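Visitor:
In my numbering, the protein residues as written are 803 to 873.
1) Distance, Cα to Cα, residue 804 vs residue 840?
2) Using only the heavy atoms of the ligand FAD, determine whether one of them is closer than 7 Å to the beta carbon of residue 819.
3) Using DSSP with H/G/I as helix, E/B as strand and the rest coil, what is residue 804?
Structure below.
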């Protein structure tokens, strides 16, 4: 750098580039977390749906107003 201003500007540019790299890395981490979280939620949803279907099939009778089961 030939002047003090040019040196200051280059230092500021390097600082901003470092901050940008950190922000970019954080964005990638957050995106990958969202992908994994979405896959996990989908798996839980499928498991819950299967569990509800299983319970629906195994229900043998319904309770009537008097609390007694009816077939």
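Note that beta-carbon positions come from the ideal geometry of N, C-alpha and C, so glycine has one too. Keep in mind that this is a model prediction, so the values were computed, not measured.
Guide: Looking at the coordinates:
1) 53 Å
2) In the structure shown, the ligand FAD is absent, as is every other ligand, since no ligand is present at all.
3) coil
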